[in-house]
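Below is one structure, written out as structure tokens; the observations come after it.
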Amino acid sequence: MSLDWIKPAARLSALPPYVFARLDELKTSARQQGLDLIDLGMGNPDGPPPEPVIEAAIAALKSPNNHGYPPFEGHADFRHTITDWYHRRYDVLLDPEIEALPLLGSKEGLTHLALAYINPGDVVLVPNPAYPPHFRGPALAGAEIYGLPLKAENDWLIDLGSIPDQVAERAKILYFNYPSNPTTAVAPRELFTEIVAFARKHQILLVHDLCYAELAFDGYQPVSLLEIPGAKEIGVEFHTLSKTYNMAGWRVGFVVGNPQIIQGLRTLKTNLDYGIFAVVQAAAQTALQLPDSHLQAVQQRYRERRDFLIAGLGELGWQIPKTKATMYLWAPCPVEMSSADFALKLIQDTGIVMTPGSAFGHHGEGYLRISLIAECDLLGEAIHRIRQSQICGTTTPAPSNVISPS
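First residue of the sequence shown? That's 4 in this note's numbering, and the numbers climb one at a time after it.
Pasting the structure below:
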């Protein structure tokens, strides 16, 4: 029996298909056809979390005290660990009682913040291209989204001067993200200072996504919004343990910053969930306390993959800038076709999955996001398949340093 009289809410039907859900469908179809996929699409880190994290989870799992409902605001020990981490990394002092809130992953928090603070018709400033929850959360809340075009010639940085005064005066929230997903752009401290001044002038709430805080290379140190004087008075910053600690499936992150903003999000969440499983909190606490040697090993791993893939694809004519941070490459589409069409052809012809830039907003058209979530031997196989497929119109012999890592 068809229930065609049951229709979803307009807020849901207005959303286009989520790109990663669509990619999952394409991957399933490709596997059914017998293709051996090399998935460089999602930002889904390969490998397990560090062993101390797993051991902490096992120990916590055995405790009978960890299986009831956790506190809505997370355990005090975890919140103290979060604020200690911020002080250690950024010399930012935070009150663990009111200025830190654990989350079921940063995506959950980013989206629920929109529901907590946006009324239908409110103007929200969102870069384009951007991580989808930055604009989908506001869209679900009924926001009027004003896109801020990011351009290669401006190093993918927000141009505050391009925002009309009448838009700035109406704007309620600005979402932004440096180091950036998907563009991999990094922003100088001066831009953060300008954004804080702009937001204070126009009374705009700032939401900064610092998801890739520790995946930085070649001596670059990402900036925290909360380092900027006056930022905590008007903003919050989101972080996740998914990337640095290979804990994507554990669903754990946090938000820090202005206590009034955090309280609004907490109030919403008390009506939606019961917080993070205590076992996951114990594991996350251990992760944030790991020595810097772990971080250095993670950075080295992604740096090697970055350099290997840029060099290998460069042999095929791909011109890919060397990123200073994140676990991605932001690659110009190497042939004259839309990024979505190229990504589809790539899956069909080679079994390699990349994300079309248009999935992150129309200003991402012409680019592909490539996740560095495979070891160099598998990346070498991907390069070999692309060369053999002639998808880019090149059939040059394979250099010895492309098929296997040096």
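Heads up, the beta-carbon is just placed ideally off N, CA and C, and yes, glycines get one too.
Pairing VAL356 with ASP42 gives a Cβ-Cβ distance under 7 Å. Between LEU163 and GLU197, the gap from beta carbon to beta carbon is short of 7 Å. Along the length of the stretch 137-165, whole alpha helix (DSSP H) runs at least 4 residues long do not occur.
Scanning its chain for C-beta atoms nearer than 6 Å, with the 5 sequence neighbours on each side dropped, one finds around LYS110 the residues PRO136, in chain order.
For GLN393, the closest of SER361, LEU381, THR353, THR84 by C-alpha to C-alpha distance is THR353. Counting along the chain, the unbroken beta strand (DSSP E) around THR243 starts and ends at 238-243. Setting aside the 5 residues that flank it on each side, ALA234 is surrounded in the same chain by VAL199, LEU228, each with a C-beta closer than 6 Å to its C-beta; the list follows chain order. In this model, VAL282 and ALA79 are separated by some 14 Å (Cα to Cα).
Cβ contact annotation for ILE101 (same chain, cutoff 8 Å, sequence separation greater than five): PRO262, ILE265, GLN266, in chain order.
For the stretch 236-318, the continuous alpha helix (DSSP H) assignments of 4+ residues that do not extend past its boundaries occur at 262-272, 281-291, 295-317, in sequence order.
Contact between VAL126 and VAL170 holds, since their C-beta atoms are separated by about 6 Å, short of 8 Å. A direct Cα-Cα distance of roughly 44 Å separates HIS115 from ARG390. ASP212: not part of any alpha helix (DSSP H); member of the beta strand (DSSP E) spanning 208-212, first to last residue. Judged by DSSP in its simplified three-state form, ASP42 adopts strand. ALA103 is bridged by DSSP to VAL259. Spanning the alpha carbons of PRO167 and LEU208 requires a straight line of approximately 17 Å. Contact between ILE386 and LEU316 holds, since their C-beta atoms are separated by about 6 Å, short of 8 Å. When the five nearest sequence neighbours on each side are left out, the beta carbons in the same chain lying within less than 7 Å of the beta carbon of ALA103 are those of ARG82, ILE85, THR86, LEU97, PHE257, VAL259, in order along the chain.
For ALA174, the enclosing beta strand (DSSP E) stretches over residues 174-179. PRO73 has its alpha-carbon roughly 22 Å from the corresponding atom of TRP88. When the five nearest sequence neighbours on each side are left out, the beta carbons in the same chain lying within less than 6 Å of the beta carbon of ASN69 are those of ALA63, ALA281, VAL282, in order along the chain.
Here the alpha carbons of VAL56 and ALA290 stand approximately 6 Å from one another. Residue pairing by DSSP places ILE394 opposite no residue, since no beta bridge is assigned to it. According to the DSSP assignment, ALA119 belongs to the alpha helix (DSSP H) that extends over 109-120. Per DSSP, TRP321 lies in no alpha helix (DSSP H) and is assigned neither H nor E.
Under the three-pair Cβ rule at 8 Å, the stretch 326-344 counts as touching the stretch 363-382.
No residue range can be given for PRO191, since it is assigned to no beta strand (DSSP E) and is classified by DSSP as neither H nor E. Considering only GLY145, ASN157, VAL210, the residue with the shortest C-alpha distance to ILE176 is VAL210. Excluding residues up to 5 positions away in sequence, PRO359, SER361 lie with their Cβ nearer than 7 Å to the Cβ of ALA343 in the same chain. Cβ-Cβ distances below 8 Å link LEU218 to PRO182, LYS246, THR247, VAL301, GLN302, TYR305, ALA328, THR329, MET330 in the same chain, with the five nearest sequence neighbours on each side left out; the list follows chain order. Pairing PHE241 with ILE121, the inter-Cα distance amounts to about 18 Å. Closest option to GLY37, judged by alpha-carbon separation, among CYS395, LEU382, ILE350: ILE350.
In this structure, the alpha-carbon of GLN288 lies about 44 Å from that of ILE9. Collapsing the DSSP output to three states places PRO359 in a strand.
Within a 10 Å sphere around the beta-carbon of VAL338 sit fewer than 16 other beta-carbons, which makes this residue exposed. Per DSSP, reduced to three states, the secondary structure at ILE231 is coil, with no helix or strand assignment.
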